[in-house]
Amino acid sequence: FFCETLLFNCWFLAGASACSAASSTWLQAAAGYAWYSVMNGLVHKFMWDSSIFPPHLPKGTDGSANSKVVARFVSLLAACSVGWLWSFWVHDDVLFAVVSHGLVDFFGAQAQHLPSPLHFGGRPLFR
């Protein structure tokens with residue numbers, strides 16, 4: 006999650022700098038978030054659909070995710086992303102984004118009974 010968070014912050018900065026001629030810092034931040042969202046979506050689409058990374062959501066008996074769960078999950082992650090990027094944009098605080106992203110990944114995986122990024126002896130923690 007450390008490298009992932011730093012990469013997402015770089016995409017945010019790339020989008021914001023593409024709009025650097027704008028006098029509004031809010032417009033720059035919106036452009037950064039838009040570029041971040043596009044790149045973030047592509048990474049997650051290709052990495053999780055191809056099963057390179059463990060799943061984010063439990064699968065139903067038919068192998069598909071529940072659409073209500075997906076909507077809640079995406080809404081929660083979008084809210085987290087806004088908070089992380091706001092902290093990064095306003096306070097230049099990368100550490101907050103890295104630590105909170107790690108906590109969300111770890112405890113989210115535990116709450117959903119999914120494979121955690123941190124396994125010890127082939128078993129997730131706290132199970």
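For the sequence shown, counting from 1, position 64 maps to 69 in the working numbering; every step adds exactly one.
Note that CB positions come from ideal geometry on N, CA and C, so glycine has one too.
Pairwise C-alpha distance: residue j and residue i
| i | j | result |
| --- | --- | --- |
| L108 | L32 | 30 Å |
| F93 | L47 | 22 Å |
| F111 | S80 | 18 Å |
| H49 | A19 | 19 Å |
| G88 | D98 | 11 Å |
| V95 | S86 | 14 Å |
| A83 | R77 | 10 Å |
| K73 | C8 | 30 Å |
Residue i and residue j closer than 8 Å at C-beta
| i | j | result |
| --- | --- | --- |
| F17 | L100 | no |
| A34 | A23 | no |
| A102 | T30 | no |
Cβ-based neighbour list, residue i, same chain, cut-off 6 Å, excluding 5 preceding and 5 following
| i | result |
| --- | --- |
| G37 | F17, G20 and A21 |
| M44 | W16 |
Contacting residues, own chain, Cβ-Cβ under 7 Å from residue i (five flanking each side not counted)
| i | result |
| --- | --- |
| S25 | Q33 |
| Y41 | F13, W16, F17, G20 and L90 |
| A39 | G20 |
| A27 | Q33 |
| G113 | none |
Cβ shell of residue i (< 8 Å), same chain only, five flanking positions each side left out
| i | result |
| --- | --- |
| S105 | C85, G88 and W89 |
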